[in-house]
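Peer 1: Handing you a structure now.
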Amino acid sequence: MNISLDLISGALSFLFTLLIFSYAIGDNPLFRIGVYIFVGVSAGYIASVAFWQVLYPKLIYPLMNGSLIMFVPLLLAVLILMKVSPRLAGLGSIAMAFMVGVGAAVTIAGAVSGTLIPQVMGTINGFDINIAAARGVGLIEMIFNGAFILAGTIFSLSYFHFGARPHADGSMHRLGFIEIMAWVGRIFIGITLGAIFAGLYAAALTAFIERINSLINFIGSFL
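The opening residue of the sequence shown carries number 110 in the numbering used here; numbering runs sequentially from there.
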């Protein structure tokens with residue numbers, strides 16, 4: 110039984126890999142079939158997970174046990190369904206406004222606590238003697254590394270400084286030193302994006318090699 114299951118899973122993996130790789134010759138029905146099946150299975154899986162791990166334990170089960178407070182999210186869910194009808198779409202705006210407000214608050218809080226504060230702390234820690242000593246970094250190297258991180262942070266933030274003053278000809282220009290700092294910040298941002306792209310490319314190449322290796326192993330299992 111295990112051999113048959115392994116054979117079926119290997120055959121399906123082999124088939125769908127070829128369907129996706131067929132995009133190399135251009136958009137074609139085989140590629141679309143593979144994509145449609147992948148999207149459909151993913152949507153079904155997400156819907157199942159959302160029902161059994163979110164809706165049922167967080168909404169339906171508490172309602173069945175008499176939790177009156179859960180009528181609030183139920184009402185909001187019903188209002189969102191009103192967006193289907195053009196005549197009742199205005200009622201759904203209440204729930205949508207609540208969701209957008211909460212989402213914006215969570216996003217801002219996450220950006221501050223997950224990005225801004227760690228960036229500030231990382232910049233400060235670059236000049237921490239105790240941390241440098243624990244890592245075996247000398248004083249000169251610590252100062253150089255800290256100064257480089259601080260400069261990268263300041264110059265990168267300067268690139269997003271959009272304050273400008275109008276000139277006599279009606280054009281808008283930033284102050285000269287801001288323009289210079291923004292130009293240097295562009296270099297730091299370019300290096301960062303290049304490193305991110307290199308990492309994504311390496312990950313994609315690794316996945317590609319793994320798929321090719323799986324195809325070779327599947328064919329080799331029959332030979």
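Yeah, the Cβ is synthetic: ideal placement off N, Cα and C, and Gly gets one too.
#1: Helix, strand or coil for PHE331 per DSSP?
#2: Which value, in whole angstroms, describes the spacing of the CA atoms of ILE146 and LEU139?
#3: Quick check on the DSSP output: what are the complete alpha helix (DSSP H) runs of length 4 or more inside the stretch 246-303, in order along the chain?
#4: Could you compute how far the alpha carbon of ASN111 sits from the alpha carbon of ILE296?
#5: Do the CB positions of THR232 and THR262 come within less than 8 Å of each other?
#6: Given this structure, state the Cα-to-Cα distance separating SER122 from GLU319, to the nearest angstrom.
#7: Tell me the rounded alpha-carbon separation between GLY201 and SER176.
#8: Excluding the 5 residues flanking ILE142 on each side, which residues of the same chain have their C-beta closer than 8 Å to its C-beta?
#9: Please report the residue range of the alpha helix (DSSP H) in which PRO195 lies.
Peer 2: In brief:
#1: helix
#2: 11 Å
#3: 248-268
#4: With a pLDDT of 48 at ASN111, under the threshold of 50, the predicted position of this residue should be treated as unreliable, though the coordinate-derived value follows. When rounded, the distance between both Cα atoms is 55 Å.
#5: yes
#6: 12 Å
#7: 24 Å
#8: LEU128
#9: Segment: none, PRO195 is in no alpha helix (DSSP H) and carries neither H nor E.
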